[in-house]
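Number of protein chains: 2
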Amino acid sequence: MVSQNKQREAGTEAKILNAARKIFQIKGLAGARMQEIADEAGINKAMLHYYYRNKDQLFQAVFSEAVGRIFPIIVQILSYEIPLFDKIRIFVKEYIGILKENPYLPGFVLNEITQHPDKFMELFFDNGIEFPKIFYDDINKAIEKGEIIEIEPLMLLVNIIALCVFPIVAKPVVKGIYNLTEDEYNTFLEKREYEVADFIINSISLKK
Amino acid sequence: MVSQNKQREAGTEAKILNAARKIFQIKGLAGARMQEIADEAGINKAMLHYYYRNKDQLFQAVFSEAVGRIFPIIVQILSYEIPLFDKIRIFVKEYIGILKENPYLPGFVLNEITQHPDKFMELFFDNGIEFPKIFYDDINKAIEKGEIIEIEPLMLLVNIIALCVFPIVAKPVVKGIYNLTEDEYNTFLEKREYEVADFIINSISLKK
DNA sequence: GTCTATATAACGATAGAC
DNA sequence: GTCTATCGTTATATAGAC
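Quick note, the sequences are listed as chains G and D, same order.
Residue 64 is where the first sequence starts when you use the working numbering, and the numbers rise one by one after that.
Residue 64 is where the second sequence starts when you use the working numbering, and the numbers rise one by one after that.
Pasting the structure below:
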């Protein structure tokens, strides 16, 4: 896959991957066209097959990269050894921040996983991604100490991720219905970087 | 002998629409194949073109129906003249319930709107769908009365819908990662029909 | 209305010159 | 490595018999 020759600047392979990332993330595997990717990369269609044998392998490169961008960061932050509420605040801020910079990423990943669950499972477990038990311990300990309400860790985790991810995936819908500009929606998302954490902590906290 | 034409009131057009709904919702516009829809309907491919001129018009029929299923119910429930907290409880229970019965619906609609925002906007406003001001009044009045925290109505609405919709869209992801069966995931969703409302009300309520 | 057969276009992939 | 030209397949869509 990688050029065997000496290192080159602004390699064609990188151009292809950049173009493929853009097109696949927007149009999906079924909707993307090899010609379109070639045009976006500013090179010829045959080059795509030279570097990546076929469409499926090119997609696989983009998809696995996307999975690698969207899941490990969750695992990483949830593994910090800091107080639960701090962890939630950092997670929400960081995660919304990342998704805001890659607005097509979550929709792309969700859709393609729905389309090919098996391909995802391989990728997920082969890369050794594993959701951290420490976060569940955090929650259970906080419940025991009477700091938060009784709630299943998975229930809380899904709530947190839902509040971060959904507004990115539903961006065209909300933008359309409320006739918001790109800037206005980004301002909305920036507010959420803080307010969502408040929303969650308010909900589970027992100290008032 | 009676004419056998009238006896066949199973309706070919309905068969086609049912098949198209199933295939399009799962595979999307780009991924669906006319042949696959014909097979699913148990009829010939040419019939699809006889009743619906082309793929795009067949898709349009499915898509507009889907939009009509997913938005008006929101508007309807949010228009009830009942106390805010009751409204939230009913909304969450009803909406998750509907989506649970149509698990591919929200992902399909979100994805296709992202893909063709303009087509959606026409549909949305042509059908006169409009988000109810009464719900925003509910929220602002509750804030004034000191019943809930200060929160932008749109912020709260997005939170509510996120908590209902996301777990449906992310079903294959969560199911895969946690190795849950279909039944286990449905149990999870049924729990959410009540717990999500608690989560929201806990978060915004000022009375404790 | 429903079918079979076929036209027409689009797409992924390859061959071969340079 | 990069290009042009083209092959083979598949997909949408139409024609025409019944």
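Each residue gets a CB set at the ideal place from its N, CA and C atoms; glycine is no exception.
Contacts that residue i makes with chain D (C-beta to C-beta distance below 7 Å)
i	result
G/Ser266	Phe262, Asn265 and Ser266
G/Ala109	Per Cβ cutoff of 7 Å: no residues; G/Ala109 is ~24 Å from chain D at best.
G/Ala233	Leu173
G/Pro180	Pro235 and Gly239
Three-state secondary structure (DSSP) of residue i
i	result
D/Ser268	strand
D/Ile211	strand
G/Thr244	coil
D/Arg152	helix
D/Pro235	helix
G/His179	coil
D/Pro146	coil
G/Asn116	The sequence given here has Arg at residue 116 of chain G, not Asn. Of the three classes helix, strand and coil, the one that applies to G/Arg116 here is coil, per DSSP.
D/Arg96	coil
D/Ile161	helix
G/Ile136	helix
D/Phe122	helix
G/Phe296	Here chain G comprises residues numbered 64 to 271, so residue 296 of chain G is not present and cannot be evaluated.
D/Ile79	helix
D/Ala73	coil
D/Ile106	coil
D/Tyr167	coil
G/Pro192	One detail in the question is off: residue 192 of chain G reads as Ile in this sequence, not Pro. Looking at G/Ile192 - three-state DSSP - the assignment turns out to be coil, as it is neither helix nor strand.
G/Asp261	helix
CB-CB length for residue i against residue j, believed under 8 Å
i	j	result
G/Phe194	G/Ala129	18 Å between Cβ atoms; not a contact.
G/Gly91	G/Asn174	6 Å
D/Leu14	D/Ile267	Residue 14 of chain D lies beyond the residue range present for chain D, which begins at 64 and ends at 271; the question has no answer from this structure.
D/Leu226	D/Ile263	7 Å
G/Leu252	G/Lys163	5 Å
Nonlocal neighbours in the same chain, by C-beta distance under 6 Å from residue i, ignoring five residues either side
i	result
G/Ala260	Ile151, Arg152 and Val155
D/Ala82	Ile100, Glu103 and Ala104
G/Ile176	Phe183
G/Val228	Pro169
G/Gln98	Lys108
G/Pro230	none
9 Å Cβ cut-off: residues of chain G touching residue i
i	result
D/Tyr241	Phe194 and Leu217
D/Met184	Gly239 and Ile240
D/Gly160	Chain G residues near D/Gly160: none, gap ~17 Å exceeds 9 Å.
Proximal residues of chain D, C-beta to C-beta of residue i below 8 Å
i	result
G/Glu258	Ile214 and Met218
G/Asn222	Leu226, Val259 and Phe262
G/Phe187	Gly239 and Ile240
G/Gly170	Leu173, Asn174 and Thr177
G/Val125	Chain D residues near G/Val125: none, gap ~16 Å exceeds 8 Å.
8 Å CB neighbourhood of residue i in its chain, flanking five on each side removed
i	result
G/Phe187	Val130 and Phe134
G/Ile136	Glu157, Tyr158 and Ile161
D/Met110	Thr75, Ile79, Ala101 and Ala104
D/Ala124	Leu80, Ala83 and Tyr115
D/Val138	Ile192, Glu193, Phe194 and Pro195
D/Gln120	none
Contacting residues, own chain, Cβ-Cβ under 7 Å from residue i (five flanking each side not counted)
i	result
G/Glu256	Val155, Lys156, Ile159 and Gly160
D/Ile360	The structure shown does not extend to residue 360 of chain D, since chain D is modelled only from 64 to 271, so the question has no answer here.
D/Asn107	Ala101
G/Lys238	Tyr248
D/Lys234	Pro166 and Tyr248
G/Phe126	Glu175
D/Lys85	Glu103
Near the ligand SAM: residue i beta-carbon under 8 Å from a heavy atom
i	result
G/Asn222	Within the structure as shown, the ligand SAM is missing, as the structure has no ligands at all.
Interface partners of residue i on chain G, CB under 7 Å
i	result
D/Pro230	Val221 and Ala225
Cross-chain neighbours of residue i in chain D, by beta carbon under 9 Å
i	result
G/Ala93	Lys90, Gly91, Leu92, Ala93, Gly94 and Ala95
ask   = Taking three-plus beta-carbon pairs below 8 Å as touching, is the stretch 233–245 of chain D in contact with the stretch 236–256 of chain G?
value = no
Is there contact between the stretch 97–104 of chain D and the stretch 141–151 of chain D, where contact requires at least three CB pairs shorter than 8 Å? By the Cβ criterion, the stretch 97–104 of chain D is not in contact with the stretch 141–151 of chain D, since fewer than three pairs of Cβ atoms, one from each stretch, lie closer than 8 Å.
*Quick one: any contact between the stretch 204–213 of chain G and the stretch 246–256 of chain G, if contact means 3 or more CB pairs under 8 Å?*
no
Given 8 Å, three or more beta-carbon pairs between the stretch 198–206 of chain G and the stretch 189–205 of chain D: no
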